[in-house]
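> Numbering (this note's numbering), first residue to last: 200 to 675.
The beta-carbon is built from N, C-alpha and C at its ideal position, and this holds for glycine as well.
Could you have a look at this structure, given as structure tokens, before my questions?
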Ligand code: FAD
Ligand code: MLT
Ligand code: ZN
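What follows is the structure, encoded as structure tokens:
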């Protein structure tokens, strides 16, 4: 073992190696603190060549590797196992923006760049990188691509898979595949890029990416809206597509329970409306068409106000606050984005990151809430999420005062009931967070034998020694 550590040190130097237990700790547990693993070392290469050399050494020594970006994943995919035989390979030193091409609307980055840095760099060049999620201040683009992350603008721009043109990957053998092509059209055999996207580090390590950029929106309208029901939210969204001239960029649904947790636990949060309601929508429209100062034309805010007025007359809206400026819009967004934090501080929760088609949301929701309550009558449903693309965080908080062990005794009953319904509605048991370690059994249960066998065949072919993030997504 000393020999392995010294050989790792020779590749990444002292700066790239963490061996002391205090220094290792943040890399050994996940954001939700569901897992606490052990590792031989935390290895932090600074270049693709160093990643390749580390992987080659580990392949020769049969040491398994857990790739890690910002460690904000929800499924335990970036956390090592408890046996301590793996290394964690963190990409957090590979954090350079390599190129920005404003003519071709692309940006080339290393895998460890923080998502927010990418958004800010694009904005400085009057461009938009539209991936946006609550963890954007700490998650990395390599993690985003490896989980095929979703977030709050998927309904307009797509998820991470749709936002990338090319990637560079270090294979489980330590070879470098340079697929950094900035091409919109490229039909040259099997799509290797798509294979690695969403693979959660089980097939190789993403080291660089060419990302797509969009024009930066110049006119944005944001509203915090109380609605009578999830059905009303879906109808409101449906009409908004045409009313906004196809400019709906976010549509997030929230139940009161999650908002209360944010107001209770996240200092500085304030309720945008005076009255309390059961359901809320955060609606955002964005357009690249700038409003000319003094010109007598209708901007998105006026259009949205008119649309919400009509919707109120139809009973689809109970009350609404339209953001008067950017800081008010940011305050609305903070309440939405702090839902995970509020839930975490409230105590134990069971998360269901599910999707059904948008038109099935209302039916699923009614049945799902009843199923959760049947499994544990005192549980507290916390439903929120990306209703605009059919993805709900259909979460469940423990009854007040319960500890984790008490609550987790109901995990299978609650999740089984929810997932059976999701699958019955033609939906997915993991919409955007992936499988990681937490849903390995669920994936095997809910997907067909042919699908699992095909995935296993791919995994065995690319990683015959099973050293690349073993035990995540699939047992091989
Ligand atoms: P990590 O957590 O470090 O890793 C995630 C997985 O990818 C692991 O399996 C890891 O092994 C693998 N991996 C990481 N980097 C690489 C690499 N370079 N090459 C190969 N494999 C790699 N997710 C959403 O989709 N939408 C949301 O709206 C959303 N909101 C969130 C809000 C909060 C508050 C938090 C804490 C999380 C949220 N997430 C959301 C989950 C999480 O932020 C995303 O999954 C994110 O993409 C993970 O990025 P990361 O860099 O933290 O990856
Ligand atoms: C979010 O959309 O805020 C996260 O993906 C949700 C979660 O914590 O379940
Ligand atoms: Zn989400």
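Closest to residue 530 by C-alpha separation, out of 658, 468, 545, would be which residue?
Comparing alpha carbon positions, the residue from 658, 468, 545 closest to residue 530 is 468.
> Using the three-state DSSP reduction, which class does residue 583 fall into: helix, strand or coil?
strand
> Could you name each continuous beta strand (DSSP E) segment of 3 residues or more that falls completely within the stretch 335-372, going from the start of the chain to the end?
Listed in chain order, the complete beta strand (DSSP E) runs (minimum 3 residues) inside the stretch 335-372 are 363-369.
> I believe residue 299 touches residue 306 by the beta-carbon criterion, under 8 Å. Please report the beta-carbon distance rounded to the nearest angstrom.
The Cβ separation is near 5 Å, so the contact holds.
> Span of the alpha helix (DSSP H) holding residue 463?
455-464
> Where do the N-terminal and C-terminal ends of the beta strand (DSSP E) with residue 593 fall, by residue?
590-596
> To the nearest angstrom, how far is the alpha carbon of residue 566 from that of residue 428?
The straight-line gap from Cα to Cα measures roughly 14 Å.
> Which class does residue 473 belong to by DSSP, given the choice of helix, strand or coil?
DSSP places residue 473 in the coil class of the three-state scheme, outside both helix and strand.
> Taking the alpha carbon of residue 564 as the reference point, which residue from 322, 519, 433, 345 has its own alpha carbon closest?
433
> Rounded to the nearest angstrom, what separates residue 557 and residue 347 at their Cα positions?
20 Å
> Taking only the alpha-carbon atoms, compute the straight-line gap between residue 391 and residue 235 and give it to the nearest angstrom.
33 Å
> Give a yes or no on contact between the stretch 412-427 and the stretch 476-490, applying the rule of three or more CB pairs nearer than 8 Å.
yes
> Between residue 637 and the rest of its own chain, which residues show a CB-CB distance below 6 Å, the 5 nearest in sequence each way excluded?
Cβ contact annotation for residue 637 (same chain, cutoff 6 Å, sequence separation greater than five): 274, 275, in chain order.
> Quick check: what's the CA-CA separation for residue 271 versus residue 520?
The alpha-carbon of residue 271 is positioned some 31 Å away from that of residue 520.
> With DSSP run on the structure shown, which of helix, strand or coil describes residue 578?
coil
> Give the DSSP-derived three-state secondary structure of residue 511 in the structure shown.
helix
> Report back the beta-carbon spacing between residue 262 and residue 241 to the nearest angstrom; my notes put them in contact at under 8 Å.
Going by Cβ atoms, the distance from residue 262 to residue 241 rounds to 13 Å, so no, they are not a contact pair.
> Out of 370, 534, 475, which has the shortest C-alpha to C-alpha gap to residue 252?
370
> Going by beta-carbon coordinates alone, are residue 254 and residue 404 separated by less than 8 Å?
yes
> Less than 7 Å between C-beta atoms, sequence neighbours within five positions excluded: which residues of the same chain meet that for residue 593?
551, 553, 567, 582, 617
> I need the straight-line Cα distance from residue 375 to residue 674, nearest angstrom please.
Looking at the backbone, the Cα of residue 375 and that of residue 674 are separated by about 26 Å.
> Can you tell me which of the three DSSP states residue 485 falls into?
strand
> Reducing DSSP to helix, strand and coil, say where residue 479 ends up.
strand
> Any idea what DSSP makes of residue 445, helix, strand or coil?
coil
> Distance, Cα to Cα, residue 237 vs residue 508?
Residue 237 and residue 508 have their C-alpha atoms some 56 Å from each other.
> If you check the beta carbons only, do residue 597 and residue 548 fall under 8 Å apart?
yes
> If you follow the beta strand (DSSP E) that residue 520 is part of, which residue opens it and which one closes it?
518-521
> Which first and last residues belong to the beta strand (DSSP E) in which residue 410 is found?
404-411
> Express the C-alpha separation of residue 634 and residue 281 in angstroms, rounding to a whole number.
19 Å
> May I ask you to report which of helix, strand or coil DSSP gives residue 496?
coil
> Classify residue 169 as buried or exposed, calling it buried when 16 or more other Cβ atoms lie within 10 Å of its own Cβ.
Here the chain covers residues 200 to 675 and nothing more, so residue 169 does not appear.
> In the DSSP output, what is residue 451 paired with across the bridge?
481
> So, for residue 343: in the same chain, excluding its five sequence neighbours on each side, which residues have a beta-carbon less than 7 Å away from its beta-carbon?
314, 330, 359
> Which residues have their C-beta within less than 7 Å of a heavy atom of ligand 3, listed in chain order?
332, 349, 350, 552, 584, 585, 590, 592, 631
> Our contact map puts residue 668 next to residue 400 with C-beta atoms below 8 Å; I'd like the distance itself, whole angstroms only.
4 Å
> Per DSSP, what kind of secondary structure is residue 228 in: helix, strand or coil?
strand
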